[in-house]
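Presented below is the structure to which this report refers.
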Amino acid sequence: MNRSKAIIVIACGACMVLLSMGIRQSFGVFLQPITGDLGIGRESFSLAVAIQNIIFGLPIIGLLADRYGARWVAISSAVLYVAGLALLGVVGSPTGLTLTLGVLIGVALSGTTYVVILGAVAQEVPPDKRSLAFGIITAVGSFGMFAMVPVSQQLLSTFGWRGAVTGLAIIVSGIILLTFALPARPKKSTTPDPFDQESLIQVLQKAWRNGSYWLLIAGFFVCGFHVAFIATHLPAFLTDNFVSARASAMALAMIGLGNVVGSFLFGYLGDHYRKKYLLSLIYLGRAIVITLFIVLPVSNLTAVLFGAAIGFLWLGTVPLTSGAIGQIFGVRYLATLYGFVFFSHQIGAFFGVWLGGRVYDTTGSYQTIWLAAIALGLFAALVHLPIIDRRPNLAPQPLPAGEAV
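Residue numbers (numbering that gives the first Met the number 0): 0 to 404.
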């Protein structure tokens, strides 16, 4: 391992995720201004964000990164991000909203966040440090939510929503410079690994036949449902319950701050304890926190406390899930294998965002979705327990000469 290069890739990758995810996680503060200005229901905004999540999770980006290198995929995606935000500032219809906020930004996010960045970092760090490296990237990326939500809220208050998204386009252009730290070409791990000698098709076939891979897919669906619903609809839910706009933005920011601590901690713990048990603990914790939130009276204080608590459990799933995949299947095709699991996450995100808007427009309440989130959290806590997070079907290694059988 080239230690200096690894540090540079981790640092620049983390900053890319900070900007990309920080801005993406702030879209919830634009729900009411955009729907009010365009004269549309919450379902229309939710559908655009839901489509964004589906496109964001398409596994094709991981395939392209594994084939052509993370740098070129990230550069192209960063340019699309700038274009998507700039064009969002001039839309005047639900169709324009879907094409910009949904399609363009969805493609951009897929190449500037976890699938591509974690795949690039995995090639630069040894297996025993991988979960920690993933945790650092997730933690720094999580700080983006803490940093960018107040920035978005301030831009919104000062310039209106159209001026605000144009300002965000200028900020996100910084990602383009950071992409040059990523590997220009994919490479095999310097650590001997039997799986590095296998083709992509062989590794995919092993993954499809592996029950633990499907359980990780099922669990990550729940993660996507939770985080997308909460990030998109929490500000509106709080405003509906007479929580101030400032406190609503602070609740989102506290999710980001709590996520910094949780992602780093769970990334560290993932190098020392079984990842599947840590994942079960996270999902059980989410179910408990959401239950307390909807049972207790909603206020400025409970909103901020909920943000901090759910933030601690927010994306600690990323270093653990991606680390488990690398642990089972190796890192040569991690971007592809994690890409398919992440696509499940984004399918969950689609339903979390869209159903949130659909149910609200139909019933005038988010209560049904909160209850569904609790049930899914309990399901995910159970589904990770049977996972076998060790390598399958490794060929036996020859014994050293002279060693008895």
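Glycine is no exception: its CB is placed at the ideal position from the N, C-alpha and C atoms.
* If we count the other Cβ atoms within 10 Å of its Cβ and call it buried at 16 or more, is residue 2 buried or exposed? -> exposed
* To do: For residue 252, I'd like the list of residues in its chain whose CB is within less than 6 Å of its CB, leaving aside the five on either flank, ordered along the chain.
  => 145, 148, 149
* When 9, 345, 130 are compared against residue 268, the one with the closest alpha-carbon -> 130
* Tell me whether residue 228 is buried or exposed, calling it buried when 16 or more other Cβ atoms sit within 10 Å of its Cβ. => buried
* Going by CA-CA distance only, name the one from 57, 11, 19, 12 that's closest to residue 344. => 57
* **Validate contact between the region 365-378 and the region 59-73 using beta carbons, cut 8 Å, 3 pairs** => no
* Mind the definition here: the region 152-171 touches the region 38-57 only if three or more C-beta pairs lie below 8 Å; say whether that holds. => no
* Could you say which of 338, 11, 312 lies nearest to residue 54 if we only look at CA atoms? => 338
* To do: Take residue 52 as the anchor and find which of 168, 224, 125 has the nearest alpha-carbon.
  => 224
* If you drop the 5 nearest sequence neighbours on each side, which residues of the same chain put their C-beta closer than 7 Å to that of residue 260? -> 311
* Asked: How would you write the range of the alpha helix (DSSP H) that residue 267 sits in, first residue to last?
  -> 244-269
* Simplified DSSP assignment, three categories, for residue 331 -> coil
* **Contained alpha helix (DSSP H) runs [length at least 4] in the region 24-64, N- to C-terminal order** => 30-37, 41-55
* **Beta-carbon gap between residue 226 and residue 353 smaller than 8 Å** => no
* To do: Please determine, among 176, 153, 29, 5, the residue with the shortest C-alpha to C-alpha distance to residue 75.
  => 176
* Please report how far the alpha carbon of residue 317 lies from the alpha carbon of residue 114, in whole angstroms. => 10 Å
* To do: Take residue 142 and list the residues in its own chain whose beta-carbon comes closer than 7 Å to its own, dropping the five residues that flank it on each side.
  => 17, 255, 259
* To do: Indicate whether residue 262 and residue 361 have their beta-carbon atoms separated by less than 8 Å.
  => no
* What first and last residue would you give for the alpha helix (DSSP H) that runs through residue 302? -> 299-311
* What are the boundary residues of the alpha helix (DSSP H) that residue 127 is part of? -> Note, residue 127: premise wrong, no alpha helix (DSSP H); not H, not E.
* Spatial distance of residue 44 from residue 355 (CA atoms) -> 11 Å
* What number of angstroms, rounded off, separates the C-alpha of residue 238 from the C-alpha of residue 298? -> 10 Å
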